[in-house]
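Colleague: Here it is, the structure, as structure tokens.
In full-length UniProt numbering, the protein residues as written are 1 to 180.
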């Protein structure tokens with residue numbers, strides 16, 4: 001009897017793995033019913049960022065597709081321990097988009113696979129872009145070591161913002177002697 005208990009105890013993770021797909025709602029349910037509306041609420045308004053440590057400097061690359069350089073602000077904060085990237089996407093050449101029921105609506109709230117109906121003057125058929133018109137974003141990156149705030153450069157090229165940040169000189173750790 002002891003062997004049977006041990007066998008079922010070892011098989012419990014397998015049973016959980018088999019039951020997991022059954023605990024989710026079927027795929028044919030509408031997207032709004034099967035996903036928590038607050039789960040990824042802010043995910044679309046935060047740019048993706050890569051940080052590289054290159055010896056005496058950090059390089060931060062942020063994906064900012066469709067953002068003009070005059071709509072971006074980069075700040076150094078917390079005594080040189082953080083970098084904040086703020087900005088907004090402003091589109092003035094796109095006419096308002098109408099949803100399926102004819103009322104004006106935001107494409108950011110629409111499902112990516114939904115078909116949209118546009119007005120007669122527009123040539124747009126669908127919109128799945130992450131940043132829609134008049135969207136603001138902000139992202140703060142905390143750095144492991146203080147930086148020299150007077151020697152930071154930023155360049156926007158093909159929708160990627162590259163920030164080169166020199167580390168602060170002389171900020172090495174010191175050994176503290178222990179007294180008797």
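Positions of the beta carbon are idealized from the N, C-alpha and C atoms, including for glycine. None of the values given here were measured: they were computed from a predicted structure.
So what's residue 68 in DSSP terms, helix, strand or just coil?
Modeller: Coil, per DSSP.
Colleague: Hey, how far is the Cα of residue 158 from the Cα of residue 79?
Modeller: Their backbone Cα atoms lie some 31 Å apart in a straight line.
Colleague: CA-CA distance, residue 167 and residue 139?
Modeller: The alpha-carbon atoms of residue 167 and residue 139 are separated by roughly 20 Å.
Colleague: Quick one: Cα of residue 88 to Cα of residue 7, how far?
Modeller: The straight-line gap from Cα to Cα measures roughly 58 Å.
Colleague: Which partner residues does residue 88 have in the DSSP bridge list?
Modeller: DSSP, once it has assigned bridges, lists 136 as partnering residue 88.
Colleague: Among 161, 156, 149, 180, which one has its Cα closest to the Cα of residue 57?
Modeller: Among 161, 156, 149, 180, the Cα nearest to that of residue 57 is on 149.
Colleague: Tell me the rounded alpha-carbon separation between residue 39 and residue 135.
Modeller: Reliability fails at residue 39, whose pLDDT of 49 lies under 50, so the model's placement of it is uncertain and no value is given.
Colleague: Measure how close the beta-carbons of residue 90 and residue 63 come, nearest whole angstrom, since I'm counting them as under 8 Å.
Modeller: About 18 Å separates the two Cβ atoms, so there is no contact after all.
Colleague: In chain order, what residues of the same chain have a beta carbon less than 6 Å from the beta carbon of residue 52, not counting five sequence neighbours either side?
Modeller: Closer than 6 Å at Cβ, skipping near neighbours: 59.
Colleague: Would you tell me roughly how many angstroms separate the C-alpha atoms of residue 123 and residue 160, rounded to the nearest one?
Modeller: Answer to the nearest angstrom: the Cα atoms are 28 Å apart.
Colleague: Here's a check: name, in chain order, each residue in its chain whose Cβ is nearer than 7 Å to the Cβ of residue 142, leaving out the five neighbours to either side.
Modeller: Once the five neighbours on either side are set aside, the close Cβ partners of residue 142 are 81, 82.
Colleague: Under the three-state reduction of DSSP, which class applies to residue 9: helix, strand or coil?
Modeller: Helix.
Colleague: So, at 8 Å on beta carbons, what are the nonlocal neighbours of residue 48 in its own chain, with the 5 sequence-adjacent residues on each side left out?
Modeller: Excluding sequence neighbours, residue 48 sits near 62, 63.
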